[in-house]
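Notes to accompany the following structure.
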Amino acid sequence: MSRLMLLACQLLVAVVVLGLWQLFATVPIFGRMLLPPFFFSNPVDVGSQIVDWFSTGVIWKHLAITLWESILAFAIGSLGGVMVGFWFARQPRVAAVFDPYVKMANALPRVVLAPIFTLWLGLGIWSKVALGVTLVFFIVFFNVYQGVREVSDTVLDNGRMLGMNERQLTRHVYWPSALSWMFSSLHTAVGFAVVGAVVGEYLGSAAGLGYLIQQAEGTFDVAGVFAGMFVLSAFVILIDMAVTAVERRLLVWRPAVADGRG
Numbered sequence: 001m002s003r004l005m006l007l008a009c010q011l012l013v014a015v016v017v018l019g020l021w022q023l024f025a026t027v028p029i030f031g032r033m034l035l036p037p038f039f040f041s042n043p044v045d046v047g048s049q050i051v052d053w054f055s056t057g058v059i060w061k062h063l064a065i066t067l068w069e070s071i072l073a074f075a076i077g078s079l080g081g082v083m084v085g086f087w088f089a090r091q092p093r094v095a096a097v098f099d100p101y102v103k104m105a106n107a108l109p110r111v112v113l114a115p116i117f118t119l120w121l122g123l124g125i126w127s128k129v130a131l132g133v134t135l136v137f138f139i140v141f142f143n144v145y146q147g148v149r150e151v152s153d154t155v156l157d158n159g160r161m162l163g164m165n166e167r168q169l170t171r172h173v174y175w176p177s178a179l180s181w182m183f184s185s186l187h188t189a190v191g192f193a194v195v196g197a198v199v200g201e202y203l204g205s206a207a208g209l210g211y212l213i214q215q216a217e218g219t220f221d222v223a224g225v226f227a228g229m230f231v232l233s234a235f236v237i238l239i240d241m242a243v244t245a246v247e248r249r250l251l252v253w254r255p256a257v258a259d260g261r262g
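Okay, here's the thing in structure tokens:
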């Protein structure tokens, strides 16, 4: 499938879903409204709310705050996950000692941590960043850890036969292996960084997309809630596209995988 055809199919899915939503929310089917507007709004009203936010400039301040919080959470969580994951994979004894504690920390419900971070760090951006970091860190950590451990023994033996020292093995064998796993996790981590920021804003903030959604929900403005979620989704897609661009730049050595595109 060509790139143009793929894009057309993706747009078609969006048009069909939005069309059905508009139909079921505005036209009675067999005398009954399948999607009551009070609970589901409709795409036209949601689109009008989004246009109003951008035309009046209301959204920009909130978008900038959420973007900054998400970038910080993503950068700090990813960097920490890569460093600790790589270290644990190269130091099995250290990994064995800390293994139960890592699993315990990963099992903690993040929503419970949000009020604690607010208590410690206040209502500013850092409580939201801390929540996002706890989400991003473990996703990246486990993938990098597994990626380094998955290095083929045959490749390592061949490298040592060629006279590579540990530093060269790290650079030319371990690190390329970890990169594929790392970028696989980063695509997921992008969404979780934004989720952490928005959940933190939702629970206690004076600005941000989470704050906008919380305010709309508090006034039963369903169109505003859906508008916030759509803006948030587009926001995540744009960040993910940036991660994909970096991935293609750094993984130019990786052979292309057949995906059925012509």
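In full-length UniProt numbering, the protein residues as written are 1 to 262.
Glycine is no exception: its CB is placed at the ideal position from the N, C-alpha and C atoms.
Beta-carbon spacing of residue i, residue j below 8 Å
{"i": "Glu201", "j": "Lys103", "result": "no"}
{"i": "Leu232", "j": "Leu209", "result": "yes"}
{"i": "Ile125", "j": "Trp68", "result": "yes"}
{"i": "Phe88", "j": "Ala189", "result": "no"}
{"i": "Leu6", "j": "Trp21", "result": "no"}
{"i": "Phe117", "j": "Leu131", "result": "yes"}
{"i": "Arg216", "j": "Val46", "result": "Strictly speaking, residue 216 in this sequence is Ala, with Arg absent from that position. Not a contact, by the Cβ cut-off of 8 Å."}
{"i": "Ser180", "j": "Gly147", "result": "yes"}
{"i": "Pro43", "j": "Leu18", "result": "yes"}
{"i": "Ser2", "j": "Leu123", "result": "no"}
{"i": "Val144", "j": "Ala114", "result": "no"}
{"i": "Ala134", "j": "Arg149", "result": "Sequence check: residue 134 is Thr here, not Ala. Taking 8 Å as the Cβ cut-off, Thr134 and Arg149 do not qualify as a contacting pair."}
{"i": "residue 286", "j": "Ala25", "result": "This structure does not reach residue 286, given that the chain is present from 1 up to 262, and the question cannot be answered."}
Alpha-carbon to alpha-carbon, residue j and residue i
{"i": "Val16", "j": "Ala242", "result": "28 Å"}
{"i": "Met229", "j": "Gly77", "result": "24 Å"}
{"i": "Val56", "j": "Val173", "result": "Note on identity: in this sequence residue 56 is Thr, with Val being the wrong assignment. Straight-line Cα distance between these residues: approximately 53 Å."}
{"i": "Val27", "j": "Ala227", "result": "21 Å"}
{"i": "Arg32", "j": "Gln10", "result": "30 Å"}
{"i": "Asp99", "j": "Ala64", "result": "38 Å"}
{"i": "Leu121", "j": "Ala207", "result": "16 Å"}
{"i": "Val225", "j": "Asn165", "result": "56 Å"}
{"i": "Leu119", "j": "Ala193", "result": "20 Å"}
{"i": "Asp52", "j": "Val13", "result": "25 Å"}
{"i": "Phe220", "j": "Ile29", "result": "25 Å"}
{"i": "Ile50", "j": "Gln214", "result": "16 Å"}
{"i": "Val58", "j": "Ala107", "result": "38 Å"}
{"i": "Arg93", "j": "Tyr101", "result": "14 Å"}
{"i": "Asp240", "j": "Asn158", "result": "36 Å"}
Outcome for residue i when other beta-carbon atoms lying within 10 angstroms are tallied against a minimum of 16
{"i": "Met182", "result": "buried"}
{"i": "Leu72", "result": "buried"}
{"i": "Trp60", "result": "exposed"}
{"i": "Tyr211", "result": "buried"}
{"i": "Ser185", "result": "buried"}
{"i": "Gly191", "result": "buried"}
Distance between beta carbons of residue j and residue i, contact taken as under 8 Å
{"i": "Val136", "j": "Gly81", "result": "7 Å"}
Chain B contact for residue i (CB, 8 Å cutoff)
{"i": "Ser205", "result": "Among the chains of the structure shown, chain B does not appear; only one protein chain is present."}
The ligand MG heavy atom lying under 7 Å from the CB of residue i
{"i": "Ile139", "result": "For the structure depicted, the ligand MG is absent and the ligand set is empty, with no information on it obtainable."}
Subject >> Cβ contact (3+ pairs, closer than 8 Å) linking the region 55 to 69 and the region 183 to 203 >> reply: yes
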